[in-house]
Structures are given as structure tokens and as C-alpha cells.
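**Student:**
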Amino acid sequence: MLRRIFTVGGFTLLSRLTGFARDIMLAAILGAGPIADAFFVALRLPNHFRAIFAEGAFNAAFVPAYAHVHGEKGEASAKLFADRIFTLLFVSQLVLLAAALLFMPQMMSILAPGFTDDPAQRGLAIELTRITFPYLLLITLVTLYGGILNVMQRFASAAAASIFLNISMMATLALAAFFPTAGHAAAWGVLISGFLQYFLLAGDLSLHGGLPRFSRPKLDADVRSFFRALGPATLGSMGTQIAMFADTIIATFLPVGALSALYYADRLYQLPIGVIGIAIGTVLLPEMSRQLTAGDDAGAKASQRRAFEFVLLFSVPFVAAFLTVSDVIMRAMFARGAFSRADAVAAGATLAAYSIALVPSVMIRSAVAPFYARKDTATPVKASLIGIAVNVALKVVLMGPFAQVGLAFATAIGTWINLLLLIFFSVRAGYLEFDRALTAAIVKFVAVGVLLGAALWATTWFGAPYLAQLPTLRDEAALLLLIIVGAIVYGAAVLLLFGPRWLKRLVRG
């Protein structure tokens, strides 16, 4: 399992690194003004629907179902099942795309009502979203192909696909002078990347004989089982996206730049979620599905406990850094060109609020895996919807005094509630055992995080006078120093508190 996690995590890390290069270009060219806000709405809307219908609900329902059919009935039955799901998925996404393109003005009024007072910005947002929205159809097919490949134990191409989004957007941004605005350049980059990702996954799958074809839909037992799981999974994914929609809607009423601050903070916040949480969750779901199909319940529990330990090991450093030195990180990453130091301060405060949600956000993919692997997509919905209700209520309360920082903090509270409920339901059902070893590991990670945060804060405080003497690249040098100090302190603290035997056990399983 570790090798597969590192495969997914490695490509995801490469995707995030190229994503940072893309965001540096976005910040320098678009800044945090009205064109940037319009583009980020155009980027968020198809991504919200993708998270609901593709990566969220669809993966949760399809991967265990496909693994079950493949394990119980053989490759031919699994291929027929995939063909039928592909046909239904393609037709439904085509209908959604046509409706979205036709009713985009009405959709914009609902999802970005704050733009109504500025007809020019509203018109630009509608135009850019019509360019980006077909990306949803392409990326939904990419998700289907990725799910099939994951069950085949092939993780690389699905994990690498999103790199094309960054490369494509950087290419079109470099040619921004040939587009009406830089927002148009970025939007076309999103759409082009959808085609590139599709051809990558389709090519990999066709080489291994698994590329789905159009098939006459038939509601057999396997398809009906898939849809029974898809319904609750869609509600669960929709709950999360409702909170994100709320961010978009509320931020359009906030001062110019709030949407951009949320975007840049979210980009850094998503780094560990993508590299750690999604990588582990992507590998854990088919792993547990196979173990449970084989009747290895103890092995499934052990896989989840190990996943939790991996999550904590790799996410704690990010929490400590985002809480203590978020302003330095934002200045070093984005404060150049059209993105001012004041913009970096706003985004940094937002990142600090988001960081409170980092551990639960990274861990949720592993926490829902035992339910999804057992084809129980209903229980996670309960936890998700309760968390979302608290999240949205807090957003309304906090948006006035704290602007986008309040939105991020509300997200953090709702995410913690979601995770704690998932753990409660999992322990009650006997899917997870909160033994002494796991509890001790959590306490030790808290101690390590506090120590690391103190070291980063002290480094910033005592190093500031010396870094101020540099003629240029002060923030970049500060970030490099923090990375070096943080790596040394964190590595030493983990070895001291956990010992090399724990690390060997974690690696070897």
C-alpha cells in the first residue's frame, strides 16, 4: 500500500508544485481585482459540480461496486458494468452541460448574486464560465477512467492528469496578450486541459483493454446497487459543495479581492489535502474493498489505522506552519506583480483560519473509506450534512466582522464536526478501534506540532533583523530558512517521541 500511496502522492505533489507555478503567474497577471474575481467564479462553478458528481459521489459509489463485480463475477462482467455506467454518465453530463450553457445568466444570479451590481463583471463572469463549464464533462469521464485504473492497481496516470491543468493554463497565460483579457486566457487554459487529461486517461485505459464503450443501459442488479450507493454519496458530496457554494455566494458581497484571497489561501490549504489525504484515500478505498470482499475484516481495520498515522505524520507540519507563519508563506509565494503585500496579508490571515481544518480535511477521505468500502454511503451523509449546517450558519454570522477569514474559520469548525461524527459512527459500528496505541500517537503528534510551531515562530522573530539586510528576495529567503529549520526540528521531534521502531512499523506495515 505504501508504494501506491507514494505513487499517487508523488504525482499529486508534482501537480501541486506546477499548480503553484501557475498560481504565481495568475497572481502576477490577474492580481486580486475584478477580472480575477470573475475568473475564480468561472473556475469554481464547474469544479463544484465536478466534486459533487465526479470525484466525490461517483468515485465513492463506483470504485467499491466495480471492485466487487470484478472480484465476484470476473473481468467480463466488470467490463459490461463499466460500459453501462459510462453510457449513463455521458448522457447525464451532456444534458447538464446543455442546461448550464443555456441558463448561465440565471445560474450566475443564484451562485454569484453579488455581481449583479456590476453588469460588466457579471457579464465577464458569464462569458468565462461558458468557456470553462465543458471541462466538467471531460473531467467526469477522466474520473470514471481513473476509478477503473485504480481497481487495476494502476494509479500513476490518474494522479498525473491534473498536471495538464497547470501546464495548459500557464501556456495560455503566457499568451494572454492575444486574448481579450487575462481571464479569457486562463479560462481557455482550463478547457484545453480537460481534453489533455481525457486523452491521457483514455490512452492508458485503452492500452489495458478497459476503455468503456457505449452500451444499451440496463438496470440489472449491479447497476441498481451502484445507484443505491450513488444517491446518498451525492447528498454527502453536495453537502460539502453547498458550503463551498456559500463561500462563493457570500464572497461576491464582500469587498473586491475577497474571492481572490479565498482562492490563494485555498490553494495552499489544498496542498496537503491533495498530496496526503487524496493520495491515501485513493489507495485505501480499493484496498479495503478488496480486503472486505476477501473477508479480511481485520486487515481492513489495520489498513485504516495505518492510514490515519500516515495522515498525521505528513499533515502536522503544514498545520504548524500555516498557523504560525502564514503571512511569510503568502508573501514569498505570491507577493509580486499585480498581487500586493496587502493582498498577501489578507490571504495569509485566511490561510491561518483554514489551517484549523487541515487535519480533519486530510483525514476525512480515510475516515469515510470503511463505509464506502462496505457500500454504505448513507452514514457519511449524516455526518457531512450536520457539519455543513453548522458551517453555513457560522458563515452567515462571521462574514460581517471577519469577511473571508470568517468564512474560512466556519469551514474549519464544520469540518471538525464532520470528522468527529464519522469517527463516532465508525467506532460504534466496529469499523475502527481507538486503541491505546492510536490514542498515544495522536497525543504525541499534538506535542510535536506545538514544538514545531514554536520553533517556526522563534525563527521568524529572531531571523527578521538579519533577513531585512538582504537587498532582494527577503521573503523567499525567510521561507527557505523556515523550511530548513522546520524539517530539522520536526524530524528530530518525531524520532525522539516515536522512535525508529514506530517508523519502521509504519513503513513496512
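Note that the working numbering has the sequence shown beginning at 239, numbered continuously upward.
In this text, a Cβ means the ideal position worked out from N, Cα and C, and glycines have one as well.
How long is the line joining the alpha carbons of ALA693 and ARG579, rounded to whole angstroms?
**Tutor:** As a working note, residue 693 is residue 455 in the sequence shown. As a working note, residue 579 is residue 341 in the sequence shown. Cα to Cα, the separation comes out at about 25 Å.
**Student:** Can you tell me where the alpha helix (DSSP H) holding ILE661 begins and where it ends?
**Tutor:** One-based indexing of the sequence shown puts residue 661 at position 423. 616-667 is the extent of the alpha helix (DSSP H) around ILE661.
**Student:** Can you give, in chain order, each stretch of the alpha helix (DSSP H) that sits fully within the segment 341-412 and has at least 4 residues?
**Tutor:** For the segment 341-412, whole alpha helix (DSSP H) runs of length 4 or above, ordered along the chain, are 342-349, 357-370, 373-389, 394-398, 401-412.
**Student:** Using the Cα positions of SER453 and SER315, report the straight-line distance between them to the nearest angstrom.
**Tutor:** As a first step, residue 453 must be located in the sequence shown, where it is residue number 215. As a first step, residue 315 must be located in the sequence shown, where it is residue number 77. So the two alpha carbons sit approximately 13 Å from each other.
**Student:** Going by alpha carbons, who is nearest to GLY441 out of SER463, TYR507, ALA394, PRO455?
**Tutor:** Mapped onto the sequence shown, residue 441 falls at position 203. For GLY441, the nearest C-alpha among the options comes from ALA394.
**Student:** Taking the alpha carbon of PHE328 as the reference point, which residue from THR378, GLU310, GLY361, MET342 has its own alpha carbon closest?
**Tutor:** Walking along the sequence shown from the start, residue 328 turns up at place 90. The candidate whose alpha carbon is nearest that of PHE328 is THR378.
**Student:** If you draw a straight line from the C-alpha of LEU233 to the C-alpha of PHE640, how long is it?
**Tutor:** Residue 233 falls outside the range modelled here, since the chain spans only 239 to 747, and no answer is possible.
**Student:** Keeping to the same chain, check which residues put their C-beta closer than 8 Å to that of LEU689; ignore five residues upstream and five downstream.
**Tutor:** Counting from one through the sequence shown, the residue named residue 689 turns up at place 451. Within the same chain, LEU689 has close Cβ partners VAL727, ALA731.
**Student:** For PRO510, which three-state DSSP category applies?
**Tutor:** On the sequence shown, residue 510 is found 272 positions in, with the first residue counted as 1. DSSP places PRO510 in helix when its eight states are reduced to three.
**Student:** Determine whether the beta carbon atoms of LEU268 and ALA576 lie at a separation below 8 Å.
**Tutor:** Indexing the sequence shown from 1 puts residue 268 at position 30. Indexing the sequence shown from 1 puts residue 576 at position 338. Yes. Within cutoff.
**Student:** Since ALA648 and LEU632 are thought to touch, with beta carbons under 8 Å apart, how far apart are those beta carbons, to the nearest angstrom?
**Tutor:** Translated into the one-based positions of the sequence shown, residue 648 becomes position 410. Translated into the one-based positions of the sequence shown, residue 632 becomes position 394. At roughly 4 Å, the Cβ-Cβ gap stays under 8 Å, so ALA648 and LEU632 are in contact.
**Student:** Name the residue from ALA585, LEU340, ILE511, LEU733 whose alpha carbon lies nearest to the alpha carbon of VAL494.
**Tutor:** On the sequence shown, residue 494 is found 256 positions in, with the first residue counted as 1. Checked all of ALA585, LEU340, ILE511, LEU733; the closest Cα to VAL494 is ALA585.
**Student:** Identify whether ASP673 lies in helix, strand or coil by the three-state DSSP scheme.
**Tutor:** Taking the first residue of the sequence shown as position 1, residue 673 is located at position 435. Here ASP673 sits in coil by DSSP.
**Student:** Classify PHE416 as buried or exposed, calling it buried when 16 or more other Cβ atoms lie within 10 Å of its own Cβ.
**Tutor:** Numbered from its first residue, the sequence shown carries residue 416 at position 178. When all chains shown are included, PHE416 counts as exposed.
**Student:** From this set, LEU445, LEU281, ARG360, which residue's C-alpha is nearest ILE369's C-alpha?
**Tutor:** In the sequence shown, counting from the first residue as 1, residue 369 sits at position 131. Sorting LEU445, LEU281, ARG360 by C-alpha distance to the C-alpha of ILE369 places LEU281 at the top.
**Student:** Going by CA-CA distance only, name the one from LEU439, GLY447, PHE560, THR410 that's closest to LEU429.
**Tutor:** Locating residue 429 in the sequence shown gives position 191, counting from the first residue. If we check each option's Cα against that of LEU429, THR410 comes out closest.
**Student:** To which residues of the same chain is SER599 closer than 6 Å at the C-beta, ignoring the five residues directly before and after it?
**Tutor:** Within the sequence shown, numbered from 1, the residue matching residue 599 stands at position 361. If we look at SER599 and ignore the five residues flanking it on each side, its Cβ neighbours are ILE511, THR653.
**Student:** Would you tell me roughly how many angstroms separate the C-alpha atoms of LEU551 and THR697, rounded to the nearest one?
**Tutor:** For the purposes of this step, residue 551 is identified with residue 313 of the sequence shown, where counting begins at 1. For the purposes of this step, residue 697 is identified with residue 459 of the sequence shown, where counting begins at 1. When rounded, the distance between both Cα atoms is 22 Å.
**Student:** By DSSP, does GLY687 sit in helix, in strand, or in coil?
**Tutor:** Position 449 of the sequence shown, counting from 1, holds the residue named residue 687. Note: GLY687 maps to helix in three-state DSSP.
**Student:** Considering only the beta carbon of each residue, do ALA350 and THR256 sit closer than 8 Å?
**Tutor:** Working through the sequence shown from its first residue, we reach residue 350 at position 112. Working through the sequence shown from its first residue, we reach residue 256 at position 18. Not a contact, by the Cβ cut-off of 8 Å.
**Student:** Would you tell me roughly how many angstroms separate the C-alpha atoms of THR486 and LEU375, rounded to the nearest one?
**Tutor:** The residue you call residue 486 lines up with position 248 of the sequence shown. The residue you call residue 375 lines up with position 137 of the sequence shown. Roughly 22 Å separates the two Cα atoms.
**Student:** Return the first residue and the last residue of the alpha helix (DSSP H) that ALA574 is part of.
**Tutor:** Here residue 574 refers to the residue found at position 336 of the sequence shown. The sequence as given places Arg at residue 574; Ala does not occur at that position. It is not in any alpha helix (DSSP H) - ARG574 carries neither H nor E in the DSSP assignment.
**Student:** So, MET342 versus ILE323, is the Cβ gap smaller than 8 Å?
**Tutor:** Mapped onto the sequence shown, residue 342 falls at position 104. Mapped onto the sequence shown, residue 323 falls at position 85. Their beta carbons are not under 8 Å apart, which means MET342 does not touch ILE323 by this criterion.
**Student:** Taking the alpha-carbon positions, what's the TRP740 to GLY687 distance?
**Tutor:** As a position in the sequence shown, residue 740 is number 502, starting the count at 1. As a position in the sequence shown, residue 687 is number 449, starting the count at 1. Whole-angstrom Cα-Cα distance: 18 Å.
**Student:** Have a look at MET407 and LEU676 and give me their C-alpha separation to the nearest angstrom.
**Tutor:** Numbered from its first residue, the sequence shown carries residue 407 at position 169. Numbered from its first residue, the sequence shown carries residue 676 at position 438. The straight-line gap from Cα to Cα measures roughly 43 Å.
**Student:** Does ILE253 pass the burial test, meaning 16 or more other C-beta atoms within 10 Å, or should it be called exposed?
**Tutor:** As a position in the sequence shown, residue 253 is number 15, starting the count at 1. For the sequence presented, residue 253 should be read as Ser rather than Ile. A buried status is given to SER253, since no fewer than 16 other beta-carbon atoms sit within 10 Å of its beta-carbon.
**Student:** Keeping to the same chain, check which residues put their C-beta closer than 6 Å to that of ALA503; ignore five residues upstream and five downstream.
**Tutor:** Taking the sequence shown and counting its residues from 1, the one referred to as residue 503 is at position 265. The residues ALA585, THR588, LEU589, TYR592, in chain order, have a CB closer than 6 Å to that of ALA503 in the same chain once the five nearest residues on each side in sequence are set aside.
**Student:** On the DSSP letters alone, give me the boundaries of the alpha helix (DSSP H) that ARG454 sits inside.
**Tutor:** As a working mapping, residue 454 is identified with position 216 in the sequence shown. From DSSP, ARG454 is part of no alpha helix (DSSP H); its letter is neither H nor E.
**Student:** Enumerate in chain order the residues of its own chain whose CB-to-CB distance from LEU179 is below 7 Å, with the five nearest sequence positions on each side excluded.
**Tutor:** Missing from the structure shown is residue 179; the chain here goes from 239 to 747 and no further.
**Student:** So is PHE393 in contact with chain C if we call contact Cβ pairs under 8 Å?
**Tutor:** Of the protein chains in this structure there is only one, and it is not chain C.
**Student:** If you drop the 5 nearest sequence neighbours on each side, which residues of the same chain put their C-beta closer than 7 Å to that of ASN297?
**Tutor:** On the sequence shown, position 59 is the one that residue 297 refers to. Cβ within range, chain order: THR381, GLY385.
**Student:** Taking just the CA atoms, how far does LEU719 sit from ARG712?
**Tutor:** In the sequence shown, residue 712 corresponds to position 474, counting from 1. In the sequence shown, residue 719 corresponds to position 481, counting from 1. Rounded to the nearest angstrom, the two C-alpha atoms are 11 Å apart.
**Student:** Which residue marks the beginning of the alpha helix (DSSP H) containing PRO598, and which one marks its end?
**Tutor:** Along the sequence shown, one-based indexing puts residue 598 at 360. Counting along the chain, the alpha helix (DSSP H) containing PRO598 begins and ends at 596-611.
**Student:** Taking the alpha-carbon of SER498 as reference, which of PHE258, PHE278, ILE722 has the nearest alpha-carbon?
**Tutor:** Start at 1 with the first residue of the sequence shown, and residue 498 comes out as number 260. Checking every option, the nearest Cα to that of SER498 belongs to PHE278.
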